[in-house]
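S.K.: The structure follows.
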Amino acid sequence: MAVSVPTRSLATAKRHEVRIDASKPLKAEPKTGHNRWHPDIAPILRVQPGDEVILETRDALDGQLTPDSKSSDAGSVNLNVVHPLTGPVYVNGAEPGDLLEVKILEVEPAAWGFTCQIPGFGFLRDVFTEPYLVRWRIADGFAESPDLPRVRIKGAPFPGTIGLAPSRASMEAIGKREKELLDRGGFVLPPEAADAIPGGTIGSEALGDAHFAQGDGEICGTAIEMQSAFHAQFFLRKGEASRRGYNDVAYFRDTYVQTPELAVPRRFYATTGMSIEKGGLNQSENATLAARNAMLNMIDHLTERGYSRQQAYAICSVAVDLKISELVDVPNFVVSAVLPLDIFV
27 MAVSVPTRSL
37 ATAKRHEVRI
47 DASKPLKAEP
57 KTGHNRWHPD
67 IAPILRVQPG
77 DEVILETRDA
87 LDGQLTPDSK
97 SSDAGSVNLN
107 VVHPLTGPVY
117 VNGAEPGDLL
127 EVKILEVEPA
137 AWGFTCQIPG
147 FGFLRDVFTE
157 PYLVRWRIAD
167 GFAESPDLPR
177 VRIKGAPFPG
187 TIGLAPSRAS
197 MEAIGKREKE
207 LLDRGGFVLP
217 PEAADAIPGG
227 TIGSEALGDA
237 HFAQGDGEIC
247 GTAIEMQSAF
257 HAQFFLRKGE
267 ASRRGYNDVA
277 YFRDTYVQTP
287 ELAVPRRFYA
297 TTGMSIEKGG
307 LNQSENATLA
317 ARNAMLNMID
327 HLTERGYSRQ
337 QAYAICSVAV
347 DLKISELVDV
357 PNFVVSAVLP
367 LDIFV
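Our numbering applies: residue 27 is where the sequence shown begins, and numbers increase by one.
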């Protein structure tokens, strides 16, 4: 995320807070957030560029899992409530074509989190078909769990979901695309109206889905999910998105996300995968297949370290980074899965 020169002096910036009752689902406090994106969702807060906001957030599953939950409970979660976001926050003066910059100043983690495997969900959903749950204790910057013995994960928290209200033109294009899909004989799955929480405006931002730590890929479908409080500061750069042609999110930081030896692991074990099926058929330039093979190889490695396959899948989701290692030698793509060995204690 970029840091810009604010449009007014920081000396006049204000601090705002959006507090929630995390013991209640979003449905019980609909004025604190939403779980769908739409331009008609009214802002819950209006701020000036340069203002700071503390946003308390619910976990990705809106409190359906608790420290007392069991693995079987992960098989009955309602995905229609994903993701409960806090917001929208409207930045005064924002117009189409402006660049909204959100600086994450601090992330306050909860005392517990979870990683779950939900049948039918996740990168390897065809392989892992049974529910599974890891319950994490979060303290002193680390997460540990009796469900994953001898594993200690250093925190690197961030919002798993952050975004802006779509424009009306975008919503119309989405509706047109889905109608055309239906007309061709396809199908769409509209959200359950009973679970949809809006009641935006261009320039309205919302965030949530806090992750204490995550491997690049989040392959089982969840990271170390948690409730949280985000301290954020909002800046506005007039016309910059149009000038630069930005249609996607850009992000950066100027300090280590972790201590240097963990940001770039000093000790690691890596597996690789190529875009080749098990039977030998080469799927030309298929990075998804290469990533799948790399992760399956990593899961095999973790089982050799004494973990079950479901435990290994969870470790991959929270700690293993997928890296595209090679694209140029078509038809072969190579993806690496990198496991930092310092997570083992």
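Glycine included, C-beta positions come from ideal geometry on N, C-alpha and C.
(1) Going by beta-carbon coordinates alone, are A320 and G299 separated by less than 9 Å?
(2) Report the rounded CA-to-CA distance for E206 versus E198, giving the unit in angstroms.
(3) What residue range does the beta strand (DSSP E) around A296 cover?
(4) Suppose contacts are defined by Cβ-Cβ distances below 9 Å. Is V79 in contact with H109 by that definition?
(5) Just the C-alpha distance for N312 and Y116, rounded to the nearest angstrom, thanks.
(6) Between which two residues does the beta strand (DSSP E) harbouring H42 extend?
(7) Helix, strand or coil for E352, going by three-state DSSP, please let me know.
(8) Quick one: Cα of Q90 to Cα of D355, how far?
(9) Taking all protein chains shown into account, do 16 or more other C-beta atoms lie within 10 angstroms of the C-beta of V361, making it buried, or fewer, making it exposed?
(10) List the whole-angstrom C-beta distance separating P114 from A191, where the pair is believed to meet the contact cut-off of C-beta under 8 Å.
(11) Pull up the distance between the alpha-carbon of D326 and that of D166, whole angstroms please.
(12) Please name the residue or residues paired with Y116 in a DSSP beta bridge.
(13) Count the other CB atoms, across all protein chains shown, that sit within 10 Å of the CB of V344; report buried if there are 16 or more and exposed otherwise.
(14) Using only the alpha-carbon positions, how far apart do A267 and F261 sit?
(15) Determine the direct distance from the alpha carbon of I70 to that of T227, and round the result to whole angstroms.
(16) Using C-beta distances below 7 Å, list every residue in its chain close to D242, excluding the 5 sequence neighbours before and after it, in chain order.
(17) Express the C-alpha separation of V133 and M27 in angstroms, rounding to a whole number.
(18) Please state whether the Cβ-Cβ distance between T83 and S254 is less than 9 Å.
(19) Give the range of the alpha helix (DSSP H) segment to which C342 is assigned.
(20) Provide the residue span of the alpha helix (DSSP H) that contains A316, from first to last.
(21) Can you tell me the Cα-Cα spacing of S351 and F359, whole angstroms?
(22) Kindly indicate if chain C contains any beta-carbon less than 9 Å away from that of T297.
(23) Suppose you measure from the CA of M324 to the CA of I179; what does that come to, to the nearest Å?
(24) In angstroms with no decimal places, state the Cα-to-Cα distance between A232 and L111.
(25) Taking the Cβ atom as the reference point for each residue, do T314 and I144 lie within a distance shorter than 9 Å?
(26) Report yes or no: do three or more beta-carbon pairs, one from the segment 143–163 and one from the segment 118–134, lie closer than 8 Å?
M.R.: If we stick to the structure as given:
(1) yes
(2) 12 Å
(3) 294–300
(4) no
(5) 41 Å
(6) 41–44
(7) strand
(8) 46 Å
(9) buried
(10) 6 Å
(11) 31 Å
(12) R72, S230
(13) buried
(14) 13 Å
(15) Caution applies to T227, whose pLDDT of 46 falls short of 50 and renders its modelled position unreliable; the value that the coordinates give is listed next. Using only the alpha carbons, I get a separation of about 11 Å.
(16) D347, L348
(17) The predicted position of M27 is uncertain, since its pLDDT is 30 and thus under 50; a value taken from the coordinates is nonetheless stated next. Answer to the nearest angstrom: the Cα atoms are 15 Å apart.
(18) yes
(19) 335–345
(20) 313–330
(21) 8 Å
(22) In summary, chain C is missing from the structure at hand, where a single protein chain is found.
(23) 18 Å
(24) 6 Å
(25) no
(26) no
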